[in-house]
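According to our numbering, the residues represented by the sequence shown are 66 to 284, in order.
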Amino acid sequence: MTADFSDNLFANLEEPWAEPLEDGAVVLRRFASASGPALLDAINRVTEQAPLRQMQTPGGHTMSAAMACCGPWGWVTDRQGYRYQQTDPLTGQTWPEMPDIFRDLARDAAARAGYPDFEPDACLINRYLPGARMGLHQDKDETDFSQPIVSVSLGSPIVFQFGGDRRSDRPQKVPLEHGDVVVWGGSSRLRYHGVLTLKSLAHPLTGACRYNLTFRKAR
Ligand code: MD6
Ligand code: FE
Numbered sequence: 066m067t068a069d070f071s072d073n074l075f076a077n078l079e080e081p082w083a084e085p086l087e088d089g090a091v092v093l094r095r096f097a098s099a100s101g102p103a104l105l106d107a108i109n110r111v112t113e114q115a116p117l118r119q120m121q122t123p124g125g126h127t128m129s130a131a132m133a134c135c136g137p138w139g140w141v142t143d144r145q146g147y148r149y150q151q152t153d154p155l156t157g158q159t160w161p162e163m164p165d166i167f168r169d170l171a172r173d174a175a176a177r178a179g180y181p182d183f184e185p186d187a188c189l190i191n192r193y194l195p196g197a198r199m200g201l202h203q204d205k206d207e208t209d210f211s212q213p214i215v216s217v218s219l220g221s222p223i224v225f226q227f228g229g230d231r232r233s234d235r236p237q238k239v240p241l242e243h244g245d246v247v248v249w250g251g252s253s254r255l256r257y258h259g260v261l262t263l264k265s266l267a268h269p270l271t272g273a274c275r276y277n278l279t280f281r282k283a284r
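Quick look at the structure:
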């Protein structure tokens, strides 16, 4: 048996475990691993309706991650600013429905992390190809900061940066792998965070590509 095969076999059998990050924030390791193929199928169905696209920041930069949304509200950015809206600016249509497998996963993960009443109304899909990154930012376009954010990593590994309440606070580096879910709320809800540049490391299900799903209660 090759080392690769035994590693993959072991990865498939791994039971999830929880790693506390800070007050209110936890990494649920491999929580979504078993659902990986079904989640990737659902991503493909959603992005046939709402294509992945690289959006413009208010400052005129093109984001390196490509994004699409599903659920009643979608997060968008352009020269006018950051906001949630109910229509896709690319198609003029409402965003695709949130697949049940997405909603169920987000609720289960939130409950496991101590947020039993999470009802996401927005899911942002980020696709990172090698070279893509996301700079330190706060998620603060939502109306109710008592609700957490649930963030699901699929495909290639990346380094997540988890900072403080000020941009200048030195972030801790948290490696995230396929199936890891970060749940983020309480006193951590407005911490700065981001991801370092994706390296060219292939995952069996995605190739050299990482998807991130972030679920929010936008309204
Ligand atoms: C990413 N994630 O993991 C970007 N935001 O690709 C986020 O921006 C994020 O992971 C809020 C909470 C968790 C996150
Ligand atoms: Fe974020």
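For each residue, glycine too, the CB sits at the ideal point set by N, CA and C.
Within the model, the alpha-carbon separation for leucine 263 versus glycine 101 is close to 19 Å. Remark: C-beta atoms of alanine 187 and arginine 281 approach each other more closely than 9 Å. Judged by DSSP secondary structure, threonine 279 falls within the beta strand (DSSP E) whose first and last residues are 275 to 281. When rounded, the separation of the alpha-carbon atoms in tryptophan 249 and aspartate 88 is 9 Å.
The closest heavy atom of ligand 2 lies less than 8 Å from the beta carbon of histidine 202. Residue environment analysis places threonine 279 among the buried positions, since at least 16 neighbouring C-beta atoms fall within 10 angstroms of its C-beta. Taking C-beta separations shorter than 6 Å and ignoring five residues to either side along the sequence, the partners of aspartate 153 in its chain run Ala115 and Trp160, following chain order. Isoleucine 214 has its Cβ nearer than 8 Å to a heavy atom of ligand 2. The closest heavy atom of ligand 1 lies 8 Å or more from the beta carbon of tryptophan 160. Within the chosen limit of 8 Å, ligand 1 does not reach the beta carbon of tyrosine 149 with any heavy atom.
If you draw a straight line from the Cα of glycine 125 to the Cα of threonine 142, it comes to about 10 Å. A residue is called buried once 16 or more other Cβ atoms fall within 10 Å of its Cβ, and aspartate 245 is buried on that count. Contact between isoleucine 190 and methionine 132 holds: CB atoms are separated by about 7 Å, below the 8 Å threshold.
In the DSSP secondary-structure assignment, tyrosine 257 is not bridged to any residue. For secondary structure counted as the beta strand (DSSP E) over 3 or more consecutive residues, the segment 189 to 267 holds these complete runs in sequence order: 199 to 202, 214 to 220, 223 to 227, 237 to 241, 246 to 249 and 258 to 260. By the CB criterion at 9 Å, leucine 170 and leucine 266 fall outside the cutoff. Relative to ligand 2, the beta carbon of threonine 122 is positioned no closer than 8 Å to any heavy atom. Counting only runs that start and end inside the segment 94 to 139, the alpha helix (DSSP H) elements of at least 4 residues fall at 101 to 114. Under the three-state reduction of DSSP, aspartate 186 is assigned to coil, being neither helix nor strand. Take alanine 90, set aside five residues on each side of it, and the residues of its chain with a beta-carbon closer than 6 Å to its own are Trp249 and Ser253, in chain order. Residue Ala197 holds the alpha-carbon nearest to the alpha-carbon of cysteine 274 among Thr156, Ala197, Glu207 and Gly146.
Under the three-state reduction of DSSP output, leucine 155 falls in the coil class, being neither helix nor strand. Taking 8 Å as the cut-off, one finds at least one heavy atom of ligand 2 near enough to the beta carbon of threonine 279.
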